[in-house]
Amino acid sequence: MTTLHIDLVLEPDHAEPLVRAFQQSFVPAVSIQEGFRSVRLLAPADGESNYRISLEFETEELRQKWVASQEHGPAWDAIVESIASFSTALFDEVGTGNGDAQ
């Protein structure tokens, strides 16, 4: 599995528009893609203006297919309207746990 973390620095007072764009545009567009596993928008616990999108696909090739899809541009543009900048980090899964350890 491939996980992309997108760290977002928001424009002032853009938390609500970001959440709305994520829920109304980004989630519907990405969730129909082949290989999609999950997506989360994470808000900072300390109240800062940095948010994170955590996006999981079965493979990096399928994630790249999403990036090239016709749905990606409008969905990402909706997010970009609320941010000042962003950075990314790509991860491959090498271990897992489900919290059921005895």
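In this note's numbering, the protein residues as written are 107 to 208. We treat Cβ as the ideally placed atom computed from N, Cα and C, and that holds for glycine.
Between residue i and chain C, is the shortest Cβ-Cβ distance under 8 Å, so that the two count as touching?
i      : result
Gly141 : The structure shown contains no chain C, having only a single protein chain.
Per DSSP, which one or two residues make a beta bridge with residue i?
i      : result
His120 : None; His120 has no bridge partner.
Arg158 : Asp113 and Leu148
Can you check whether the CB of residue j is closer than 8 Å to the CB of residue i?
i      : j      : result
Glu177 : Gly141 : no
Val173 : Leu147 : no
Asp191 : Val115 : Going by the sequence as given, residue 191 is Ser instead of Asp. For Ser191 and Val115, yes; Cβs fall inside 8 Å.
Thr108 : Glu166 : yes
Arg158 : His120 : no
Ala181 : Ser131 : yes
Do you know how far the Cα of residue j is from the Cα of residue i?
i      : j      : result
Asp113 : Ser175 : 22 Å
Ile185 : Glu117 : 11 Å
Pro123 : Gly205 : 34 Å
Pro134 : Gln170 : 17 Å
Ala127 : Ala151 : 21 Å
Is residue i near the ligand ZN, going by C-beta to nearest heavy atom under 7 Å?
i      : result
Leu116 : As far as ligands go, the structure on display features none, and thus does not contain the ligand ZN.
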